[in-house]
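Asker:
Protein chains: 4
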Amino acid sequence: MAGRSPEIARKPRADAVRNRERVLESAKAVFSAGGSEASLEAVARHAGVGIGTLYRHFPTREALYEAVYRREVEQLGDLAEQLQCAPEPVEALRRWLRANVEFVATKKGMVAALALVAHGSTELHAYSFDRLTRAIGTLLARAVAAGAIRNDISAEDVLRALIGMCYMHDQPGWQTTALRLLDVFVDGLRVQPAVTMTKSESPRPARQKAKPSR
Amino acid sequence: MAGRSPEIARKPRADAVRNRERVLESAKAVFSAGGSEASLEAVARHAGVGIGTLYRHFPTREALYEAVYRREVEQLGDLAEQLQCAPEPVEALRRWLRANVEFVATKKGMVAALALVAHGSTELHAYSFDRLTRAIGTLLARAVAAGAIRNDISAEDVLRALIGMCYMHDQPGWQTTALRLLDVFVDGLRVQPAVTMTKSESPRPARQKAKPSR
Amino acid sequence: MAGRSPEIARKPRADAVRNRERVLESAKAVFSAGGSEASLEAVARHAGVGIGTLYRHFPTREALYEAVYRREVEQLGDLAEQLQCAPEPVEALRRWLRANVEFVATKKGMVAALALVAHGSTELHAYSFDRLTRAIGTLLARAVAAGAIRNDISAEDVLRALIGMCYMHDQPGWQTTALRLLDVFVDGLRVQPAVTMTKSESPRPARQKAKPSR
Amino acid sequence: MAGRSPEIARKPRADAVRNRERVLESAKAVFSAGGSEASLEAVARHAGVGIGTLYRHFPTREALYEAVYRREVEQLGDLAEQLQCAPEPVEALRRWLRANVEFVATKKGMVAALALVAHGSTELHAYSFDRLTRAIGTLLARAVAAGAIRNDISAEDVLRALIGMCYMHDQPGWQTTALRLLDVFVDGLRVQPAVTMTKSESPRPARQKAKPSR
DNA sequence: GATGAATGAGGATTCATTCAT
DNA sequence: AATGAATGAATCCTCATTCAT
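Chains as they are written, first to last, in our numbering: chain A, 1 to 214; chain B, 1001 to 1214; chain C, 2001 to 2214; chain D, 3001 to 3214.
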């Protein structure tokens, strides 16, 4: 400490930054592959750093989780915010839900992030839960205000439904199933619009015909 | 050898039976509390038996899982079969789904059984999956035949939706949420019957009326 | 005890005798196959009796070893005795040594018996060691008396050499090697008779002179 | 990563080196005392290190064996090589055999090394067997070429004889016995040199003829 | 800051041995 | 007598975590 001014954060060493990044990437990869109980040594090995280095950057397992998943959650939240301005509120919601499935299917680590949101008890969990819940809340509110969906469902409910739908993400063909189920779910949310029937619009043809989605 | 008749299964010793039962109960409890990777020693300790006893009855972790969860799955399957004869097919399906939630909420170990169905790779998994899928299949087929619900959803889809809904079973208030979500889901499945439409009134009531929901 | 006369040994039950025999056979087989640290449960299982039965007959592992190997040792001792009357004393010795190799090669459990003789510390060991040592002693004494072999080698030495030669009994082709080595050994034991040379007879003479064996 | 040059092997930490050495010594001691199936925990305890440390240095039991015994085998091989230049070939062989006994008597772990050579199935075994067999082979060849010993005995045979002679290394007074037996064995190998005798012809063939080696 | 060595707790599994039936 | 259930000690092995260099 001597002679150093405490307020000025030392510029981090370049290699430290690089190592931190490497560990994060490796953690994402390893946790995706072997479940999030994978050994931290495995993560360090994968990153090509010593276990001590990993611990320096992330003093606890939780800290590593947090760092790994925070950015994933950000993405989902951001997307929801962008969709706020979509013209058709129910479609905005539907699109967000479907986008989540894409993310999970595509980005390693996204499921874990969602699982964390569902069950975690860390600081990150609180933050994430809040972030996503708020994002969905706005999408939901618009649709309810437009009289397009029922009003007794909370943002939290929707989030949980979404997470549940992604739960079987390790089964073959889960993605198609998940998308289908989410559509059913959104359909279930709708208040049936002037059913006298034009039927022109909505996506879901076949059934659509028999019953324009109500 | 003396007096051993191979054909006649020896009457099992009373204490053996008791211990086996205790271990099963403990396993259910411990796995529910701490996840199914809980240590087998913990199970034995909880049951008040030596670890060796546990191993005698269940030589592998899988064997224990199997014993623990098979009966749970049976119950769910049985219930589905009983509901086959219900007059209103959609209601039969809804009731079965809701009953699952009750089971999960009530019976320790039921979620794990469902999780097993979702992800397992054991013999038991295959059996369970088949059992439940078949049970749902019949419920579904009736409703589809009656023209009451969409026909592009498979029994497997429904099972997965159900499991997903129970995924957050460790959150406070999850049960209410799950029931609500399942209702939404079933509503989404329906083909709306001749909606002459008033639509004037509040969003969700309509359905409510048609079916006071529960 | 009441009313029973202690002196009269109860006639053993027929099944008890049969079980005892079965366990013995199984022990020999199992120990041969898996080494003599094989589990006692494995022996019991192989014998088709309960582990308790095994313990009743052989309260300790040592007791079982003893019972298993005693008869093997008897055979070797008996053979040595029979060879006492052979005309040519060196040949008698050689034949006994070679016969041992045959036994080891043929009869499962014979090596273990020899190993026991070499290293054991049980009562059986003492007995066996004595039995064989005495048997060899007589063979040896005759040959020495006939002036056919050196007189500074003890029966114990010979026994140990024999056991050593059988040590590699689990290598392919060990038997041929062992026989060859034993021949060399016996040759080494010989005192060359009348070295003035007839040369007609035995191989090794000369050396004795050249190097008095130190 | 900072400052890590992959090519330059990091200087090993002092304590690591010390621990490795300690474990090796302990392993040698413990294996000598209790057989090579002694528990690894016992080895660690004896070395005064944690079991984890032992595993770090020697990830498998085999790895430990290898480290323990390789140097022993080297010594024996080296000695044999040094003796190649001895003037009297039979004496060179004899001295090497006797030196082995000294080693076994003196250096804990040497027997186990020999046992490994006799029975092992690891990579080390192959190497050791080859090393020693080759060493003996040269000693043997010289003696045979000099017409001093019979030519139908292989290096492998000699190695096995040696190992057998050391087999009873845990008996009191085994050393004297072993030396005596080895002398007998070497005597048995000799072709008697021009015994007073004319019998001009080549050394070992003679016997061959007289006694076709059986 | 980076590294990897040291440590020990903890979980799985096997078996010898004792005992209730 | 026979059986096999119960028990726990003993081992193996893996990791999370701390620390010396």
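All C-beta atoms in this analysis are idealised placements derived from N, C-alpha and C, irrespective of residue type, glycine included.
Small disclaimer: the values here were computed from a predicted structure and weren't measured.
What three-state label does DSSP hand I3136(D) in the structure shown?
Answerer: Looking at I3136(D) - three-state DSSP - the assignment turns out to be helix.
Asker: With a threshold of 9 Å between beta-carbons, can H2125(C) be considered close to chain D, or not?
Answerer: Not one chain D Cβ lies under 9 Å of H2125(C).
Asker: In whole angstroms, give me the CA-to-CA distance for R70(A) and Q171(A).
Answerer: Between R70(A) and Q171(A), the C-alpha separation is close to 25 Å.
Asker: Looking only at its chain, what residues have a beta carbon closer than 6 Å to the beta carbon of S1026(B), apart from the 5 residues adjacent to it on each side?
Answerer: V1043, H1046, A1047.
Asker: Report, in whole angstroms, the separation of the C-beta atoms of N1100(B) and L1083(B), which I expect to be a contact under 8 Å.
Answerer: Not quite, the Cβ-Cβ distance comes to about 12 Å (not below 8 Å), so this is no contact.
Asker: Given Q2175(C), which residues of its chain have a CB within under 7 Å of its CB, disregarding the five upstream and five downstream residues?
Answerer: Correct list, in chain order: V2101, A2105.
Asker: Label K1011(B) either buried or exposed according to how many other C-beta atoms from any shown protein chain fall within 10 Å of its C-beta, with 16 as the threshold for buried.
Answerer: By the 10 Å Cβ count, K1011(B) comes out exposed.
Asker: Sort out for me which residues DSSP pairs I3149(D) with in a bridge.
Answerer: Note: I3149(D) sits in a beta bridge opposite R3190(D).
Asker: Am I right that V3117(D) and S3128(D) are in contact with their C-beta atoms under 8 Å? What's the rounded C-beta distance?
Answerer: Between S3128(D) and V3117(D) the Cβ distance is about 5 Å, and since that is below 8 Å, they are a contact.
Asker: Looking at the C-beta of M2168(C), does it have a partner C-beta in chain D at a distance below 9 Å?
Answerer: Chain D, which has a Cβ nearer than 9 Å to the Cβ of M2168(C), makes this yes.
Asker: So, is C3166(D) buried or exposed, given that buried needs 16 or more other C-beta atoms within 10 angstroms?
Answerer: With 16 or more other Cβ atoms within 10 Å, it is buried.
Asker: Closest by CA to A3016(D), which one among Y3055(D), R3142(D), L3181(D)?
Answerer: Selected option, being the one with the closest Cα: Y3055(D).
Asker: According to DSSP, is G2077(C) part of a helix, a strand, or is it coil?
Answerer: Helix at G2077(C).
Asker: Buried or exposed: N2151(C), going by 16 or more other Cβ atoms within 10 Å of its Cβ?
Answerer: Label assigned to N2151(C): exposed.
Asker: Which residue from P89(A), P59(A), H125(A) puts its Cα closest to that of A146(A)?
Answerer: The residue with the shortest Cα to Cα distance from A146(A) is P89(A).
Asker: Which residues, in chain order, does the stretch 2133 to 2153 of chain C contribute to contact with chain D at a C-beta distance below 9 Å?
Answerer: If the cut-off is 9 Å between Cβ atoms, the stretch 2133 to 2153 of chain C has R2150, D2152, I2153 near chain D.
Asker: Please return the same chain residues whose Cβ sits closer than 6 Å to the Cβ of R1219(B), not counting the five positions on each side in sequence.
Answerer: Residue numbering for chain B in the displayed model covers 1001 to 1214; residue 1219(B) lies beyond these limits and cannot be assessed.
Asker: Please name the residue in M2168(C), A2155(C), E2037(C), N2019(C) whose C-alpha comes closest to that of R2061(C).
Answerer: Here the closest residue by C-alpha is E2037(C).
Asker: Can you list the residues of chain C that A3155(D) reaches, using a CB-CB cut of under 9 Å?
Answerer: Result: empty, since nearest Cβ-Cβ is about 12 Å, beyond 9 Å.
Asker: If distances are taken between C-alpha atoms only, which option among Y3065(D), F3031(D), R3095(D) comes closest to S3121(D)?
Answerer: Taking only the C-alpha atoms, the option nearest S3121(D) is Y3065(D).
Asker: Name the chain B residues that come within less than 9 Å of I51(A), Cβ to Cβ?
Answerer: By Cβ distance, chain B contributes nothing, its closest Cβ being about 23 Å from I51(A), past 9 Å.
Asker: Should P2193(C) be flagged as near chain D, meaning a C-beta pair shorter than 9 Å?
Answerer: Residue placement at P2193(C) cannot be trusted, given a pLDDT of 48 that sits under 50; the coordinates are not used to answer.
Asker: By DSSP, does V1049(B) sit in helix, in strand, or in coil?
Answerer: If DSSP states are grouped into helix, strand and coil, V1049(B) belongs with coil.
Asker: How should P193(A) be labelled, buried or exposed, when 16 other C-beta atoms within 10 angstroms of its C-beta is the threshold for buried?
Answerer: Interpretation of P193(A) is limited by its pLDDT of 48, a score under 50 that renders its predicted location unreliable; no figure is taken from the coordinates.
Asker: Within a Cβ cutoff of 7 Å, which residues of the same chain sit near A2155(C), ignoring the five residues on either side of it in sequence?
Answerer: So the qualifying residues of the chain are T2133, I2136, G2137, L2140.
Asker: The alpha helix (DSSP H) spanning T1106(B) covers which residue range?
Answerer: It spans 1089 to 1106 - the alpha helix (DSSP H) in which T1106(B) sits, taken as one unbroken run.
Asker: Whole-angstrom Cβ separation of V1068(B) and F1031(B), contact assumed at under 8 Å?
Answerer: Indeed they touch by this definition, with Cβ atoms about 7 Å apart.
Asker: According to DSSP, simplified to helix, strand and coil, what is T177(A)?
Answerer: Reduced to three states, the DSSP call for T177(A) is helix.
Asker: Can you pull the chain D residues whose beta carbon is under 7 Å from the beta carbon of F2185(C), in chain order?
Answerer: Neighbours of F2185(C) on chain D, chain order: V3184, F3185, G3188.
Asker: Does DSSP put D2170(C) in a helix, in a strand, or in coil?
Answerer: It is coil, neither helix nor strand.
Asker: Suppose you measure from the CA of A33(A) to the CA of R1013(B); what does that come to, to the nearest Å?
Answerer: A33(A) and R1013(B): Cα-Cα distance of roughly 46 Å.
Asker: In three-state terms, what does DSSP make of S121(A)?
Answerer: In this structure, S121(A) counts as coil in the three-state DSSP scheme.
Asker: Could you list the residues in the stretch 3098 to 3127 of chain D with a C-beta less than 7 Å from some C-beta on chain C, going in chain order?
Answerer: From the stretch 3098 to 3127 of chain D, only A3118, H3119 have a Cβ closer than 7 Å to chain C.
Asker: Can you list the residues of chain C that A3027(D) reaches, using a CB-CB cut of under 9 Å?
Answerer: Within 9 Å Cβ-Cβ: nothing; A3027(D) doesn't reach chain C, min ~20 Å.
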